[in-house]
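Novice: Pasting a structure here, questions to come.
Number of protein chains: 2
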Amino acid sequence: MNRHVPIDQVEIRDAFFAPRIANARHTAIPYMWDTLHDAVPGVAPSHCIENFRIAAGLAEGEFQGFWFQDSDLWKWLEGVGYALSVQRDEALEAQADSAIDLAAMAQQEDGYLDTYYIIKGLDQRFTNLKDIHELYVAGHMFEAACAYYQATGKRKVLDVACRFADCLCENFGPGENQLHGYPGHEEVEMGLTRLYAVTGEKKYLELALYFLNERGQKPYYYDKERLSRGEKLHEKRENFWDDYGYYQADVPVREQTVARGHAVRQLYLLAGMVETGAAAGDDSLVEAAERVYQNIVQKQMYITGGVGSTHVGEAFSFDYDLPPDRCYTETCASIALIMTAIRLHRAHPHGKYGDIVEKALYNGILSGVSLDGKKYFYMNPLETWPERCERRNDIRIDDERKGWFGCACCPPNVLRTLTGLSMYLYTENEEYLYVDQYVSSVVEAGDTKLLVESKFPWQGEVKIRVEKAGSKKLALRIPGWAKDYTFSINGEEMDHDAWNGYEFAGQVQDGDVIELVFPMEVKKMRSHAHIPEYAGKVALMMGPVVYCLEEKDNGDELWNLSLSDGPIAPEFREELLGGVTILTAEGVRESTSDALYSEEETKQEKQPLTFVPYYAWGNRGKGEMRVWIRKA
Amino acid sequence: MNRHVPIDQVEIRDAFFAPRIANARHTAIPYMWDTLHDAVPGVAPSHCIENFRIAAGLAEGEFQGFWFQDSDLWKWLEGVGYALSVQRDEALEAQADSAIDLAAMAQQEDGYLDTYYIIKGLDQRFTNLKDIHELYVAGHMFEAACAYYQATGKRKVLDVACRFADCLCENFGPGENQLHGYPGHEEVEMGLTRLYAVTGEKKYLELALYFLNERGQKPYYYDKERLSRGEKLHEKRENFWDDYGYYQADVPVREQTVARGHAVRQLYLLAGMVETGAAAGDDSLVEAAERVYQNIVQKQMYITGGVGSTHVGEAFSFDYDLPPDRCYTETCASIALIMTAIRLHRAHPHGKYGDIVEKALYNGILSGVSLDGKKYFYMNPLETWPERCERRNDIRIDDERKGWFGCACCPPNVLRTLTGLSMYLYTENEEYLYVDQYVSSVVEAGDTKLLVESKFPWQGEVKIRVEKAGSKKLALRIPGWAKDYTFSINGEEMDHDAWNGYEFAGQVQDGDVIELVFPMEVKKMRSHAHIPEYAGKVALMMGPVVYCLEEKDNGDELWNLSLSDGPIAPEFREELLGGVTILTAEGVRESTSDALYSEEETKQEKQPLTFVPYYAWGNRGKGEMRVWIRKA
């Protein structure tokens with residue numbers, strides 16, 4: 002069974018990621034704690050903790066915020082758990098424990114714990130699984146509980162989680178007196194399976210399987226619960242949210258082949274299918290997830306690892322519909338993409354999954370957070386014209402990162418991804434240790450210990466020093482973008498012999514040094530011919546990093562720029578955007594007459610172009626940005 | 002005072018327009034009559050006539066359809082009036098008279114006539130001028146009444162109109178017991194001024210002026226009526242329809258400088274300002290309208306004469322925001338654009354107005370109706386990808402013309418434009434006869450009679466035979482696209498001496514022959530540099546006609562085609578699309594690898610390109626279309 006190396010066995014020393022993780026630890030965690038407590042001036046109150054206080058009987062008032070507001074606390078706690086796995090922290094634990102105590106006080110006799118219905122009326126609970134995210138919130142609670150318990154050994158939150166899970170097992174299942182439903186927003190599947198992994202309690206896994214197996218079966222449960230609430234069924238499904246495909250619940254999950262509907266829902270479903278399928282030994286779930294995942298990465302993913310082509314429903318649209326300026330490409334969706342990719346990798350190891358993890362990490366996820374770690378993008382477009390963002394009503398794109406959101410799913414999701422980053426770096430089983438990402442770190446997997454050093458993503462040289470050879474064989478991912486590379490052990494160059502995207506080192510010895518050199522060449526990427534917006538255009542990449550033009554460096558009307566043939570020069574700029582390699586190249590700026598339309602030929606002038614990493618855009622004030630540029 | 006030559010003094014013999022007008026006369030008029038009577042199978046019932054029957058007490062039932070449904074009858078009747086001006090028709094008049102009788106029966110004691118409130122409750126009338134289009138409907142009634150009266154000499158509908166106009170004069174105005182409001186959808190200004198022109202009743206003109214002068218004054222009337230209805234005012238205007246700018250009612254009309262809000266409203270306002278201002282001798286209204294009009298044609302108009310860049314609110318957006326695939330470019334808005342242009346021309350004659358009339362007529366208006374005259378586009382995009390039209394929720398573009406619409410404003414608007422086309426062709430005053438458009442026809446203006454012959458828009462030769470020289474001097478428009486042209490009288494070439502876009506012929510004699518030759522060259526048009534979508538692209542025009550690529554002729558993925566340098570050959574094809582000149586040129590098709598993103602260079606293959614006139618697109622089944630094409 003493949004698993005990630007435990008967090009506390011990985012020490013990240015990476016020049017690129019370590020400061021970002023430190024930011025998450027020292028800036029985002031306290032900042033989010035304050036927002037959960039409505040204590041950040043200028044940020045709309047979250048009401049999250051207040052809801053718990055009301056549910057616990059410590060305060061009076063109405064539930065406020067979204068019906069899934071509890072999940073903000075749980076995602077925060079999950080992120081805290083990972084941070085504490087790396088380093089314990091009494092003050093932080095005291096905060097977390099106080100929140101856990103509060104949640105425990107709010108928990109009902111039978112284990113139920115969702116402040117929305119505790120405050121609004123428990124008679125309504127489980128009556129609208131499709132729209133009200135009780136099971137989604139539960140899933141996040143289970144993940145948080147596992148993370149916090151594993152980090153601290155403190156059982157309280159795990160007990161709270163198990164009591165709620167027991168309550169779900171009581172209420173859901175095939176029994177006559179049980180509900181045969183399943184969540185409208187997937188997440189609980191992962192949570193239950195993880196809770197099973199931590200506690201060994203098999204019924205949690207069975208409930209996860211039950212939810213997956215019931216999903217999309219006819220007659221539809223969502224129809225039934227609608228009728229039970231005394232509502233009519235729709236004759237025509239005019240709105241996307243009336244179409245159960247939006248919830249991936251129109252056909253059974255094993256029959257689904259194409260990504261549809263809400264992007265985060267879709268990907269949490271896939272991640273849950275893989276995790277649960279793998280844990281239950283049901284490969285049909287893994288295979289079905291793989292099918293939909295392949296549809297995404299082959300036909301519905303932006304070059305940045307962004308997914309979700311339309312803001313209407315925050316959703317996938319259809320194959321090759323990937324407009325750069327009308328996408329949703331939610332930060333959470335890219336996170337969900339790597340959650341799925343890493344689970345597929347653990348089910349059937351292959352370097353192609355690491356390619357997607359790497360792509361999303363270095364581009365579409367990191368773009369979601371400002372360099373100072375304080376501001377967030379919900380949406381990550383590949384092209385912006387601020388005037389249009391502000392003035393067109395059919396576009397839902399922010400032209401600046403914001404401090405927080407009413408629906409605050411992305412910030413804590415970034416937090417848990419960064420503090421739990423090491424889970425994406427190494428995979429182990431009895432025989433192998435897979436080095437999945439070249440993030441500088443020290444890793445101990447069983448009796449094997451490595452020191453990995455790289456300057457990714459700016460330089461392609463990787464040095465792996467075998468501190469303790471131990472019993473595991475080493476597998477080293479060859480990134481998909483590295484067509485050419487060298488691989489040597491103790492200075493001896495090895496033949497290329499990659500299999501499933503990995504080079505395998507034979508039995509190594511203590512003190513061995515493995516060196517990999519991946520050429521970090523600048524590449525002019527083309528898109529598939531079926532995407533209208535990118536015809537005749539290229540996007541620059543160097544290694545895993547996607548580049549973009551910003552107004553700040555290149556003036557406005559970026560659309561009038563095109564890239565000339567000729568050399569593209571990388572240059573590392575320590576002082577810029579936290580230290581980035583920029584690309585400079587010769588370009589052309591086209592200009593026209595002042596008439597709206599004119600037969601006059603355009604004027605073309607040379608202009609040097611400066612490209613910066615996409616993830617770093619929007620950190621120097623408002624302005625235009627674009628990833629894809631015409632070729633001169 | 003400049004005016005159009007009366008309809009019955011113009012006989013259109015044009016190879017291009019005559020069949021279209023015949024279609025309107027013989028297909029659209031009876032078809033619409035049937036739809037107004039809910040008698041077209043497969044077309045959703047309009048309920049328009051039924052509403053009149055209920056209002057007249059001849060039937061029982063509720064009002065159905067939009068609150069402005071009455072206007073469909075009035076626009077139909079206006080179109081019928083123009084058709085009858087050209088040729089009387091007993092059967093058609095019998096139909097029209099029966100509808101007029103019905104309307105007269107529905108008319109209230111005090112002259113009020115709007116079936117919506119007659120059926121819903123007259124106590125509510127005039128309580129929501131902003132949203133319920135009573136005054137808009139009234140305007141269309143007045144225009145229809147004038148047209149039908151002028152065509153037939155039958156006073157009944159004119160009397161109905163005057164009685165309603167009297168009712169409005171009673172209810173609206175500066176008096177203490179009068180309402181100080183103005184319409185949420187402009188139109189009544191034109192209607193009242195026209196009614197004044199036909200009847201000489203000055204109070205109608207005064208009411209039109211009153212509506213224009215009150216518009217946008219503070220405190221806002223729309224706030225007052227909202228409060229009177231017991232509703233609250235918005236603290237924040239979150240939706241476009243809460244912003245009075247959407248109704249051009251946030252500032253007084255003379256202070257408005259930029260086109261905003263609902264496109265048809267904006268342009269009906271401008272047309273009303275010019276018509277009323279000119280009739281009242283108030284040039285400040287004309288000047289204010291000219292300012293906003295110039296903003297439109299210089300910064301907010303598509304190359305096809307389409308206007309309205311966003312479907313959200315069917316509205317203008319902002320300068321240079323002219324996306325080809327997210328526009329609204331409603332057929333009605335282009336019609337309203339030429340209504341404004343022709344009125345500005347009559348206020349201060351200049352050829353530039355005729356350029357816009359010509360552009361919209363040959364492109365963005367005609368594209369709204371199928372070649373057989375039976376199907377309509379509401380929206381006229383410059384680029385379509387059927388899959389996207391069907392599958393993206395943030396796009397509101399039809400990929401096929403429809404038989405009718407629930408909100409059926411465009412079909413009768415096209416009808417009245419075509420049957421009343423001659424009003425756009427000639428302008429006269431005591432001294433001059435302006436030939437504004439070169440549509441083959443015989444025109445008698447006072448004692449001057451001309452025979453105009455051309456093969457516009459396919460050929461640029463125009464021959465004008467002076468049948469009777471009469472007392473008027475001739476002014477001949479030189480289209481803006483004709484940089485070079487020849488102008489001769491009786492074979493003698495004249496020097497170029499155009500002024501305000503017109504060449505003036507001195508005193509001509511009976512039998513004189515004036516010849517104009519405008520070179521119909523193919524031009525590669527560029528757009529202003531501030532429009533992102535057209536950077537690096539060209540649109541082909543020949544004379545006034547804008548061309549497009551269709552999938553039918555060029556295969557799919559039109560975005561992969563680019564236009565090579567080299568000759569572009571026009572060829573008239575009698576059998577194609579009702580007879581069109583197509584353009585053929587050498588092009589290149591780019592293709593890529595099957596990967597979603599790849600560093601592989603694209604393959605380029607030559608491909609001949611076929612362009613067809615934009616107005617004729619979508620007449621050969623579904624498929625992609627695009628106007629702007631990359632240069633290879």
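Protein chains in written order, with my numbering: chain A, 2 to 633; chain D, 2 to 633.
The beta carbon of each residue, even a glycine, is placed where N, CA and C say it ideally should be.
Bear in mind that the values here come from a model prediction, so they are computed numbers and not experimental data.
1) Would you kindly work out how many angstroms separate the C-alpha atoms of Ser99 (chain A) and Ala92 (chain A), rounded to a whole number?
2) Let me confirm a value: Gln88 (chain D) is counted as buried when at least 16 other C-beta atoms fall within 10 Å, else exposed. Which label applies?
3) In this structure, does DSSP put His27 (chain A) in helix, strand or coil?
4) Residues of the segment 515 to 531 of chain A with a CB closer than 7 angstroms to any CB of chain D: list them in chain order, please.
5) What first and last residue would you give for the beta strand (DSSP E) that runs through Gly567 (chain A)?
6) Checking the sheet assignment: what are the DSSP bridge partners for Ile465 (chain A)?
7) For Ile630 (chain D), which residues of its own chain have a beta-carbon under 7 angstroms away from its beta-carbon, when the five flanking residues on both sides are left out?
8) Is the CB of Asp399 (chain D) under 8 angstroms away from at least one CB in chain A?
9) For Trp386 (chain D), go through chain A and note every residue whose CB falls closer than 9 angstroms to its CB, in chain order.
10) So what's Arg4 (chain D) in DSSP terms, helix, strand or just coil?
11) Return the CA-CA distance between Leu136 (chain A) and Leu270 (chain A), expressed in angstroms with no decimal places.
12) How long is the line joining the alpha carbons of Asp511 (chain D) and Ser489 (chain D), rounded to whole angstroms?
13) Is the Cβ of Leu597 (chain A) closer than 8 angstroms to any Cβ of chain D?
14) Which whole-angstrom value is the C-beta distance of His38 (chain A) and Gly66 (chain A), which I expect to be below 8 angstroms?
15) Closer than 8 angstroms by C-beta to Ala334 (chain A): which residues in its own chain qualify, once you throw out the five before and the five after it? Chain order, please.
16) How far does the alpha helix (DSSP H) with Thr418 (chain A) in it extend, from its first residue to its last?
17) Taking Thr585 (chain A) as the reference, which of A:Tyr598, A:Ala596 and A:Asp566 has the closest Cα?
18) Report back the beta-carbon spacing between Phe165 (chain D) and Leu210 (chain D) to the nearest angstrom; my notes put them in contact at under 8 angstroms.
19) Just to confirm my understanding: we take Val560 (chain A), look at its own chain, exclude 5 residues before and 5 after, and list those with CB closer than 6 angstroms. What are they?
20) Closest to Asp322 (chain A) by CA distance: which of A:Arg627, A:Gln299, A:Arg389 and A:Arg14 is it?
21) Determine the direct distance from the alpha carbon of Tyr83 (chain A) to that of Leu196 (chain A), and round the result to whole angstroms.
22) Enumerate in chain order the residues of its own chain whose CB-to-CB distance from Ile120 (chain A) is below 6 angstroms, with the five nearest sequence positions on each side excluded.
23) What residues in the segment 588 to 613 of chain D have a beta carbon less than 8 angstroms from any beta carbon of chain A?
24) Give the single residue among D:Phe319, D:Ser371 and D:Thr258 whose Cα lies nearest to the Cα of Ala290 (chain D).
25) Mind listing the chain A neighbours of Ser442 (chain D)? Cutoff is C-beta to C-beta under 8 angstroms, in chain order.
26) In the segment 261 to 307 of chain A, which residue ranges form an unbroken alpha helix (DSSP H) of at least 4 residues, counting only runs that do not cross its ends?
27) In terms of alpha-carbon separation, which member of A:Lys524, A:Ile465 and A:Asp437 lies closest to Leu517 (chain A)?
28) Between the Cα of Arg327 (chain D) and those of D:Ile304, D:Arg21 and D:Arg397, spot the shortest distance and give me the residue it belongs to.
29) Is there a Cβ of chain D sitting closer than 8 angstroms to that of Asp395 (chain A), yes or no?
30) Which one or two residues does DSSP pair with Arg1 (chain D) in a beta bridge?
31) Apart from the five residues just before and just after Asp73 (chain D), which ones in its own chain have a Cβ nearer than 7 angstroms to its Cβ?
32) Can you tell me whether Glu607 (chain A) is buried or exposed, with buried defined as 16 or more other CB within 10 angstroms of its CB?
33) By how many angstroms is the C-alpha of Arg14 (chain D) removed from the C-alpha of Gly360 (chain D)?
34) Identify the residues that DSSP records as bridge partners of Pro614 (chain A): which are they?
35) So is Asp485 (chain D) buried or exposed if we call it buried at 16+ other beta carbons inside 10 Å?
36) Taking Thr72 (chain A) as part of the alpha helix (DSSP H), name the residues at either end of that continuous run.
Specialist: Quick answer:
1) 11 angstroms
2) exposed
3) helix
4) Lys524, Lys525, Met526, Arg527, Ser528, His529, Ala530 and His531
5) Leu562 to Arg574
6) A:Val453 and A:Ile515
7) Lys538, Val539, Leu550, Leu562, Ser563 and Leu564
8) no
9) Asp322 and Pro533
10) strand
11) 13 angstroms
12) 16 angstroms
13) yes
14) Not really, about 13 angstroms apart at Cβ, beyond 8 angstroms.
15) Ala264, Val265, Leu268, Gly307, Val308, Gly309 and Glu315
16) Cys411 to Thr420
17) A:Asp566
18) Between Leu210 (chain D) and Phe165 (chain D) the Cβ distance is about 18 angstroms, and since that is not below 8 angstroms, they are no contact.
19) At residue 560 (chain A) the sequence reads Trp, which differs from the Val that was named. So no residue of the chain qualifies.
20) A:Gln299
21) 16 angstroms
22) Ile55, Ala56 and Phe64
23) Glu591, Ser592, Thr593, Ser594, Asp595, Ala596, Leu597, Tyr598, Ser599, Glu600, Glu601, Glu602 and Thr603
24) D:Thr258
25) Chain A residues near Ser442 (chain D): none, gap ~29 angstroms exceeds 8 angstroms.
26) 264 to 281 and 284 to 300
27) A:Ile465
28) D:Arg397
29) yes
30) No information on residue 1 (chain D) is available, as it lies outside the stretch 2 to 633 that chain D covers here.
31) Leu37, Ser47, Cys49, Ala409 and Pro413
32) With the sequence shown as reference, residue 607 (chain A) is identified as Lys, and Glu is not the correct amino acid for it. Per the 10 Å Cβ criterion, exposed.
33) First, the amino acid is wrong: residue 360 (chain D) is Lys here, not Gly. Looking at the two C-alpha atoms, the distance is approximately 20 angstroms.
34) A:Tyr548
35) exposed
36) Contrary to the premise, residue 72 (chain A) reads as Ser rather than Thr in this sequence. Ser72 (chain A) -> alpha helix (DSSP H) spans Asp71 to Val87.
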